[in-house]
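Letter by letter, the sequence shown follows residues 1 to 194 in full-length UniProt numbering. Backbone N, C-alpha and C define an ideal beta-carbon position, used for all residues, glycine too. Notes for the one structure printed next.
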Amino acid sequence: MYVLGYGTQRFRLNVTKPVLAHIGGLAMVILALFAWGYWLGIWKLVFSARGVAFGASYTDIHAQLPAQWILVAVVLVCMGIIMASLLQHNFRRVFYCIGGWIVVAIIAGGIVPALVQRFQVEPNELVREKPYIEYNIQSTREAFSLSQIEEKSFPAEKIPSYQDIAQNAETIDNIRLWDHRPLKDTYNQIQAIR
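Structure follows, in structure tokens:
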């Protein structure tokens, strides 16, 4: 809108200082919102579904978390560069800064976590994800108050004799040795692991 209102002269934008201050202020607000979004993304990692279990996984902690902090820092640096550019009327640095931010966001926020997941986690997933699975199990126990359960052993009081078995022959004959319902689930689980 400012371009249409004020026009351009030989590919140079001719705008007044109040207009530049307004554009700079809007850019600062937008960048502050991006920085806040990246900072909130750090806390969103708690609910990540990237790993074996819900919550932060190896990739989230070792690649995505540092990337989020880097992106927050890059956006804050861009805010400083935009402020300095507004004061010095040199806008070339702004375009370099925004371009650098986009490159860092693509590399640090997308490519590096994908490479860590593919080449560090997937070849040795059990070892890499084991602590995070244990954290997930412990958190689930805490959430459902399962960590307060006491285990007690109850020894078998009576072993059935041959006479007990003979008297209850009909019941004994109805006992399934291989129940197909749990057996099917077991076979499916074993097959899925392979």
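Pair within 8 Å by beta-carbon distance, residue i and residue j
| i | j | result |
| --- | --- | --- |
| Ile82 | Ala27 | yes |
| Val74 | Val94 | no |
| Ile133 | Ala32 | no |
| Leu45 | Leu65 | yes |
| Gly55 | Asn136 | yes |
| Val121 | Tyr58 | yes |
| Ile172 | Ile165 | yes |
Buried versus exposed, by CB contacts within 10 Å (16 or more), residue i
| i | result |
| --- | --- |
| Gln117 | buried |
| residue 195 | Nothing can be reported for residue 195: it is not among the residues displayed for the chain, which extend from 1 to 194. |
| Asp60 | buried |
| Gly25 | exposed |
| Arg128 | buried |
| Phe34 | buried |
| Leu183 | exposed |
| Gly51 | buried |
Own chain partners of residue i with C-beta closer than 8 Å, once the 5 adjacent residues on each side are dropped
| i | result |
| --- | --- |
| Cys97 | Val77, Cys78, Ile81 and Ile82 |
| Val112 | Ala63 and Ala67 |
| Arg194 | Low confidence applies to Arg194: its pLDDT is 49, below 50, so where it sits in the model is not reliable enough to give any reading. |
| Ser48 | Phe54, Gly55, Ala56, Ser57, Asp60 and Gln64 |
| Lys130 | none |
| Leu146 | Thr140 |
The alpha helix (DSSP H) enclosing residue i, as first and last residue numbers
| i | result |
| --- | --- |
| Ile149 | Taken as a continuous stretch (DSSP letters only), Ile149 belongs to no alpha helix (DSSP H), as it is neither H nor E. |
| Gly80 | Leu65 to Gln88 |
| Ile102 | Arg92 to Ile106 |
Three-state secondary structure (DSSP) of residue i
| i | result |
| --- | --- |
| Asn124 | helix |
| Thr171 | helix |
| Ile111 | helix |
| Arg194 | Bear in mind that the predicted position of Arg194 carries a pLDDT of just 49, short of 50, making it unreliable; the figure below should be weighed with that in mind. Three-state result, Arg194: coil. |
| Ile159 | coil |
| Trp178 | coil |
| Ser48 | coil |
| Ala56 | coil |
| Thr16 | coil |
| Phe144 | coil |
Below-8 Å beta-carbon distance, residue i vs any chain D residue
| i | result |
| --- | --- |
| Ile159 | The chain labelled as chain D is not found in the depicted structure, where only one protein chain is given. |
Cβ shell of residue i (< 6 Å), same chain only, five flanking positions each side left out
| i | result |
| --- | --- |
| Ala108 | Ala67 and Ile70 |
Neighbourhood of residue i by C-beta, 7 Å cutoff - its chain only, sequence neighbours within 5 removed
| i | result |
| --- | --- |
| Trp101 | Val74, Val75 and Cys78 |
| Leu4 | At Leu4, the pLDDT of 48 sits below 50, so the modelled position is not reliable; the number obtained from the coordinates is stated separately. Here the set comprises nothing. |
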